[in-house]
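Residue numbers (numbering that gives the first Met the number 0), protein chains in the order written: chain A, 0 to 295; chain B, 0 to 357; chain C, 0 to 379.
A short worksheet on the structure shown next.
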Amino acid sequence: MNIDLFFQYIVAGITYGTIYAIVAIGFNIIYNSTGIINFAQGEFVMLGGMTAVTFHTFLPLPVAITAAVFVTTIVGALIEVLFIRWLYKPSVLRMIIITIGISILIRETALHIWGEGVRALPYFSGTSVSALNIGGVFVSPQVLWVVSIGAIVVAFLNVFFNYTMLGRQMRACSANRDAARLCGINAKNVVTFSFMLSAAIGALGGSIVSPITYVQYDSGTPLAIKGFTVAILGGLGNSTAAVAAGMILGVLESFTIAVLPAAYKDVIAIVILLGILFIRPSGIFGSTEAARLKEF
Amino acid sequence: MRTSYTQVFGFTALIVAIQILTMVTNSSYHLTQLTMTAYYSLLIIGLCMLIGYAGQISLGHAGFFCIGGYVTAFFTTHDLSSHKANPVIALLAKAGILIVRPDLYGGDLLTVHPWAACVVAMLTALGVAWFVGGPVLKLKGHYLAMATLGFGTIVYRIVLGTTFLGAADGISDVPPFRVLPGIEISGNASVRVINYYFAWGLVTAGVLLLLNLIHSRAGRALAAIHGAEDAADAMGIPTARYKLNTFVLSAVFAALAGVLLTHYNGGIGPSEASVMKSVRYVAIVAIGGMANLWGSLFMSLILNYLSLRGYFGTYDDAVFGCILILIMLFAPEGLIRRSILRDLRRLVSGGGVEETGS
Amino acid sequence: MKIVKIITYAVLFIALMGQPAFAKDAVKIGAILAVTGPASFLGAPEARTLEMLVENMNAKGGISGHKIELIIKDSGSSPEKAVSFAKQLIEEEKVFAILGPSTSGETMAIKNIAEEGKTILLSMAAAEVIVNPVAPHVFKVAPRDSFAVDLIFEQMKMMNISRIGVLSSNTGFGKAGKEQIEKLAPGHGIQIVVSEVYDKAATDLTAEVTKLKAANVQAVLNWSIEPAQAIVLKNVRQIGLTVPVFQSHGFANIQYAKAAGTAAEGVIFPASRIIVADALPAKHPQKSVIQAYKKAYESRYKEEVSTFGGHAYDALMILAKAIGEKGLTRDNVRTAIENMKGFIGTAGIFNFSPTDHNGLDSGAFEMLTVRKGKFAPLKK
């Protein structure tokens, strides 16, 4: 394998890695505040992409994306208020099943609103064939958009959770909910807010990625599975690790094409997931004690 | 135990009543979907045992269904005529394990006898469950869910990607399965009634087996594990062994369902291993009320039957998702239970619905 | 005199309108389609086409006075649902014929059921095994993959291409296409240097096309029916691979060309003429049939026609013609279809025979390309 090929695979891997990382970050935010794994996370990404395309038919691109993020955030809030708030000390099993049900519902609603076709936003800069030749490796400008917006999101979250009041409140809730409530933090609102934030990030991810991958009513579920793999790989609750884990998974998947038939690409993600779960469930970067403390 | 027997008797009466009803109204064709539903229900009661009583979630049980179905489909359709000269093959043919049967277009096929294929399928499922179950069941909660999901996905990818298993088209032309003289599992309209009773008889036998298990020492151990695993461990209950055995038992139920349904339908496809199918099975167990064997059975009967008849049209999955959410929010113990009147009263008077145990 | 004539005609007209129509039995036609699920690109246009056609036909009195009762079942491309619905339609609804299913896997699952139930099955799926070996009641209206592959290879020879890279999806369509490609390539002197199978839900194929680029292929041949077709095009052009790209007849839906944008320019693929209806010469036998269907479908559903919807049109119209000729006796209608010659459909001109239950030949396909974002015939 020559050096150009090697780097081309890496670029492909990084594109995917960023998408997975965005979904994983969404998982982590909700997990940190509530201990819930939101199986409907992938649907937020799908909704973001679909609504952005619909808005783009009569709004300029940046406005369309903002509107899509806004709408999906509202959906996230609604989900929390309508379905999650009700529950009184739910068991893990029940939570998993409810979020699965929510994911099914969102997917079928999307099917009946938008039909079965694929949609995509236009490329933010350039066209579907433009590619920057960086040292022999061809990179679509959209990939640079995805990676840079991803980096901005991670930086923003870092600032948010460490320096803003709301962010600190969320961290307090995730560390010890009862103690946080004793301090006067409204835990219920924090939960709602974490859903909204997760939804917003997922929607943004869906919009910026849609020119490359297209969105369809059922694109959410496979993303959720991969995103969850990445979240566990990095250690549940650790968003910075999720980014690294996303890159690792993306690149590994990309390189398997060199050895295995392409149809088995998805198996790699599963094998990695199972490997991690059996050997080191707290993830590559997590430690078992820290996992229990659930710090961001 | 006595109440259990009356329940089983009542259920059997219901099954017979349904068949007589279809006979009287000249609508025996309903029995087809009801028989298919029976086989799915076989999987579901096994799963209910695992999720509800042992407290271990499995989002990959469609994988075991497929292992059973594909193994039997492959062995009963793969033509070994070209290997007739091979001494091992000749020996097996003499022993009756391989049979010659005519194919639809005039030729002759040398394939494995359905009974032998069935045994191999069940043993394979048992082996896989035992092998996979060990490490997987050490996990808990979300991790267990994802591990089982991963297992189901691997099975799906294997059957979808392998050419000799039919890849995307699956395996068709699976012959009928002659279980006993006079009872042949096939989709043929002439043997509809027998197939119906055989399928539901098998389900009833399964229910009896599981009820016995629940009311035995093993069942109490499982309840203890479900309630508080560490405490059960402290009491000296070999939790890992019980969990593994339940897992294997539910896998065997699923594989048997797969084998029989494949013969009934005359084929199987990779869609039977998809994530959505596994989720659907778990959802039905949940809708029935997790630790509620009869609830799961009835819900399976209703929902699978309606789905197979296309009652909900393109809204099939949507209806399913809705029911799932509503039950999980308002009736986590399922709709068919003794405390339903009490819970309804409480709901109306403003209190929430409590979840007893988990 | 003129006034007398007009009044006479008017009176006759009113008299005839006032007559009660002689109500005949309705004819039940079943359809098993993958309206939702992974093959919805096939089933949804097919379902819409059938609904539209049945409505229009019923408004005009149905087939020879028999109103059509259309029963569409959504199988979600699950063979087990297809089996259940097939039995339901045959035994319970006692339909006259079944249109569909949309995919090969489902068709093979119900082929025997339809044959045993002596119900005519007009499948819209592509696999050769549907009609080979021939089952008397089972027909196929989609053209053979082997014709498409032959045409592609002939075009490649004309362009002096002999080393190609093949990409196919892991669906039934992709698998069948790959089989034909591998079978027919040696005969045309084409060498398959690299062959990769990707997942139908793949969203990026850069790694796969990079492999093709590294192998120095002279052309890329992609065989799939999902959005992956458009993704392949983009990835190929993005990594700077400038060789010609060939697609299967699954590309015959303008939304894929639109999705790929500039990357779709110059793509070469075989397709039925339905998608270049406007470019057909006025005297072409298929032109009026195709344009009528296209106009009706596009004005009603506000989306462009695709070959898949066209299959549904062909299936229903072939059945309707046979019923129109022979009435509602199953055996007669079956024989009528089996012996139908020169039926002008959207996919081509059908000539059935007892040994050929598909009826299409390579003339069903035309080589097309994409020029300025639109489909156009490929100039030889």
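For each residue, glycine too, the CB sits at the ideal point set by N, CA and C.
Check                                                                                                                        : Outcome
Selected residue, minimal CA-CA separation from C:G171, among C:I253, C:V128, C:E114                                         : C:V128
Short-range partners of chain B found in the segment 78-92 of chain A, where Cβ spacing is below 8 Å                         : F82, W85, L86, Y87, K88, P89, S90, V91, L92
Positions along the segment 12-42 of chain B whose CB lies within less than 9 Å of some CB in chain C                        : S26, S27, Y28, H29, T31, Q32, M35
Short Cβ contact (9 Å threshold) for C:A134 with C:H310                                                                      : no
Against chain A: residues of the segment 200-214 of chain C by CB proximity under 7 Å                                        : A200, T202, D203, T205, A206, E207, T209, K210, A213
Residue from B:A16, B:G45, B:L20 whose Cα sits closest to the Cα of B:A256                                                   : B:G45
Cα-Cα separation between B:G133 and B:L243, rounded to whole angstroms                                                       : 6 Å
Residues, ordered as in the chain, of the segment 270-299 of chain B that lie near chain C by beta-carbon distance below 8 Å : S270, E271
Within 9 Å, strictly: CB atoms of A:I67 and A:T50                                                                            : As written in the sequence, residue 67 of chain A is Ala, which differs from the Ile given in the question. A contact, by the Cβ cut-off of 9 Å.
Cβ-based neighbour list, C:I267, same chain, cut-off 8 Å, excluding 5 preceding and 5 following                              : I151, Q154, P243, V244, F245, Q246, M366, L367, T368, L377
Interface partners of C:P78 on chain B, CB under 7 Å                                                                         : G169, G266, G268, S270
Residue-chain proximity (A:F227, chain B), Cβ-Cβ < 9 Å                                                                       : yes
C:A200 in three-state terms, based on DSSP                                                                                   : coil
Beta-carbon separation (whole angstroms), C:M123 vs C:A141, contact threshold 8 Å                                            : 6 Å
Within-9 Å CB hit, C:Y296 to chain A                                                                                         : no
Given C:E195 as reference, the closest of C:G186, C:I180, C:N111 once Cα atoms are compared                                  : C:I180
Short CB-CB distance (under 9 Å) between B:G320 and chain A                                                                  : yes
The beta strand (DSSP E) enclosing C:M366, as first and last residue numbers                                                 : 365-370
Unbroken alpha helix (DSSP H) run spanning B:L201, endpoints                                                                 : 191-213
B:T71 and B:V119 closer than 9 Å at C-beta                                                                                   : yes
With 16 other Cβ atoms within 10 Å as the buried cut-off, status of A:G233                                                   : buried
For C:E264, three-class secondary structure by DSSP                                                                          : coil
Own chain partners of A:I29 with C-beta closer than 7 Å, once the 5 adjacent residues on each side are dropped               : I35, N37, S193, F194, S197
Proximal residues, the segment 270-284 of chain A versus chain B, C-beta separation under 7 Å                                : L272, L273, L276, F277, P280
For C:L359, the three-state DSSP class (helix, strand or coil)                                                               : coil
As assigned by DSSP and simplified to three states, the class of C:S285                                                      : Looking at the sequence provided, one finds Gln at residue 285 of chain C rather than Ser. C:Q285 falls in the coil class under three-state DSSP.
Inter-residue Cα distance where the pair is C:P280 and C:I253                                                                : 21 Å
Residues from the segment 58-72 of chain C in contact with chain B, defined by Cβ distance under 9 Å                         : I71, K72
Span of the alpha helix (DSSP H) around C:A175                                                                               : 171-187
Simplified DSSP state of C:D149, which is helix, strand or coil                                                              : helix
Helix, strand or coil at C:G75 [DSSP, three-state]                                                                           : coil
Cβ-Cβ distance between B:S57 and B:S249 below 9 Å                                                                            : yes
Close Cβ partners of A:L203 (< 6 Å) along its chain, the five nearest in sequence each way excluded                          : V68
Close beta carbons around B:T238, own chain, < 7 Å, minus the five adjacent residues each side                               : I224, E228, A231, D232
C:Q190 and B:T31 closer than 9 Å at C-beta                                                                                   : no
9 Å Cβ cutoff, B:G226 in contact with chain C                                                                                : no
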